[in-house]
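Here the sequence shown stands for residues -29 to -1, 1 to 342, where the numbers follow mature numbering (1 follows the signal peptide of the UniProt record, and there is no 0).
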Amino acid sequence: MAAMSMKTMMALALLLCLAVAASLGGVEARKHPGKETLGYYELRRGEFSMVVTNWGATILSVRLPDKNGRIDDVVLGYKTIGATQNDTTYFGALVGRVANRIAGGRFTIKNHPYHTYTNDGNNTLHGGHRGFNQVFWSVRERATGAFPYITFYYRSGDGEEGFPGALDVLVTYKIDGDYSYSVTMYARPVDKPTPVNLAQHTYWNLRGHGRGTVLDHSVQIFASAVTPVGGDLIPTGAVTPVAGTPFDFRAPAAPGARIAEVEGGYDINYVLDGRDADGQGVRKVAVVSEATSGRVMELWGDQPGVQFYTGNFLKGDEGKGGAVYEKHGGLCLETQDFPDAVHNPKFPTEIYRAGQVYKHYMLYKFSIAGK
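So this is what it looks like as structure tokens:
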């Protein structure tokens, strides 16, 4: 990956914000109540494909072959967009303005207090009741060909869910190779400083969605520490080593091996090691594999943390294709800034001033074990 200066990234982000919507040709779209247009967009390269929608900038499916050539959808999702309304699973969604939790639904910037919508007890989760997963995004660019991509845009207004200032947000989903795709997120506060922490909330089951739990998957996370949480899943502010604990996935291990030692199951932020980062801060985050299918997924990213979640709150949710998602039926690996960073000055800041560009990059690489 070629080095890119911050000035170049800012210029690119601003150009994207000003881009004129491209022709969508061949896109399935329909009018949705409220006079918005709901669209489904397929990106394909050979046997590898994904479908996304402008509702919540959501990934609806990722399909690829297993070791026997069988093509399966390996992400969880609902059968209709309507099922995502007021949903609390966030299947495949782009979440924000601030992913994860804000303690007490309040924070202060420059001595000015702000109160955000509390939708997780006394806390704000994934941007509030109407976060970025519960809005229509517009399509700014779309390209087909060997490396297809689509860019969604959303302007979050001043005061939306209690957050200060307007915010321009873009996310691009792009197939980068035979079995790889990237997610590139940009955001730019328009007129006030504001916290920004976006995350992509896809649930993975490499055996195929709806085919049992992920407790026997092999997971490796390139992190030597976590930010421990209290009973309300708010970080305590500490950073503690994973060595000698059930949170240690530095070597590949099955989540089910020690999940009984973790109250409620895995749902915690890992502090990523930086030794393998390239010039832009992109590093290998995690590797997940599943023996029956032979599928292997590598995740690379440029954020300081990753939330590892084992679908603890799934409870027989009815999914697409008649699938039923039992507890631990999928796992999430969400690269991010540290949760509740607005209250922890020792954590990397997530406050961005007006005009400052937030950038978040993820790369998924899939393969078959032994090939």
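Note that the Cβ used here is the ideal one computed from N, Cα and C, for glycine as well.
Give every residue of the same chain whose Cβ lies closer than 8 Å to the Cβ of residue 223, excluding the five residues on either side of it in the sequence, and list them in chain order. Once the five neighbours on either side are set aside, the close Cβ partners of residue 223 are 189, 190, 191, 258 and 260.
Quick one, which of 299, 29 and 30 has its alpha-carbon nearest residue 183's? It is 299 whose Cα lies nearest to the Cα of residue 183.
For residue 2, count neighbouring Cβ atoms within 10 angstroms of its own Cβ and tell me buried if that reaches 16, exposed if not. Any answer about residue 2 is weak, because its pLDDT of 46 lies below 50 and its placement is not dependable; what the coordinates show is given next. Counting Cβ neighbours within 10 Å, residue 2 comes out exposed, since fewer than 16 surround it.
On the three-state DSSP scale, how would you describe residue 19? Per DSSP, reduced to three states, the secondary structure at residue 19 is strand.
Please state whether DSSP places residue 323 in a helix, a strand or coil. Note: residue 323 maps to strand in three-state DSSP.
Buried or exposed for residue 83, please, with buried defined as at least 16 other CB atoms from any protein chain shown within 10 angstroms of its CB. Exposed, because fewer than 16 other Cβ atoms sit within 10 Å of the Cβ of residue 83.
Run the CB neighbour count on residue 86, radius 10 Å, all protein chains shown included, and call it buried at 16 or more, exposed below. Exposed, because fewer than 16 other Cβ atoms sit within 10 Å of the Cβ of residue 86.
Could you check the C-alpha separation between residue 311 and residue 263 for me, to the nearest Å? When rounded, the distance between both Cα atoms is 38 Å.
When 198, 221, 60 and 124 are compared against residue 256, the one with the closest alpha-carbon: Of the listed residues, the one whose Cα sits closest to residue 256 is 221.
Three-pair Cβ contact test at 8 Å for the region 161 to 172 versus the region 63 to 79: As far as the Cβ criterion goes, the region 161 to 172 touches the region 63 to 79, which means the pair count is three or higher.
Quick check on the burial criterion: 16 or more other C-beta atoms within 10 angstroms. Buried or exposed for residue 318? Looking at its Cβ environment, which holds 16 or more other Cβ atoms inside 10 Å, residue 318 is buried.
Any idea what DSSP makes of residue 30, helix, strand or coil? Strand, per DSSP.
Assign residue -28 to one of three DSSP states: helix, strand, or coil. Residue placement at residue -28 is flagged as unreliable, the pLDDT there being 41, under the threshold of 50; the coordinate-derived value follows with that caveat. Here residue -28 sits in coil by DSSP.
Can you list, in chain order, the residues of its chain with a C-beta nearer than 6 Å to that of residue 337? Leave out the 5 residues immediately preceding and following it. Non-local beta-carbon contacts of residue 337 in its own chain, meaning distances under 6 Å to residues more than five positions away in sequence, involve 35, 150 and 268 in chain order.
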